[in-house]
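Its first residue numbered 1, the sequence shown is counted upward by one per residue in the UniProt record's numbering.
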Amino acid sequence: MTVLQACEIAGVDIPRFCYHSRLSIAGNCRMCLFEVEKSPKPVASCAMPALP
1 MTVLQACEIA GVDIPRFCYH SRLSIAGNCR MCLFEVEKSP KPVASCAMPA LP
């Protein structure tokens with residue numbers, strides 16, 4: 001499960017263009033970027049695995 005999918009389940013809307021649950025993860029649009037602590041740059045939520 002990705003961060004984007006976990007947010008959808010939690011009712012948090014993250015804007016995106018290229019993500020669709022039936023397609024492979026592209027992460028090309030960069031619309032779903034978010035900041036991760038200790039990461040040098042923003043990460044695509046559609047490609048980042050959700051961690052507990």
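Virtual Cβ for every residue (Gly too), placed ideally from N, Cα, C.
Distance CB(residue i)-CB(residue j) smaller than 7 Å
i     : j     : result
Leu33 : Pro42 : yes
Met1  : Arg16 : no
Residue i versus residue j: straight-line alpha-carbon distance, rounded
i     : j     : result
Leu4  : Lys38 : 20 Å
Glu35 : Met48 : 11 Å
Ile9  : Gly27 : 20 Å
Own chain residues within Cβ distance below 8 Å of residue i, not counting five before or after
i     : result
Cys7  : Asp13, Ile14 and Ser45
Cys18 : Ala26, Gly27, Asn28, Cys29, Met31 and Cys46
Own chain partners of residue i with C-beta closer than 6 Å, once the 5 adjacent residues on each side are dropped
i     : result
Arg22 : none
Residue i: first and last residue of the uninterrupted alpha helix (DSSP H) it sits in
i    : result
Ile9 : Val3 to Ala10
Bridge partners - residue i, DSSP secondary structure assignment
i     : result
Ser23 : A quick correction: the sequence has Leu, not Ser, at residue 23. Answer is none; Leu23 lacks a bridge partner.
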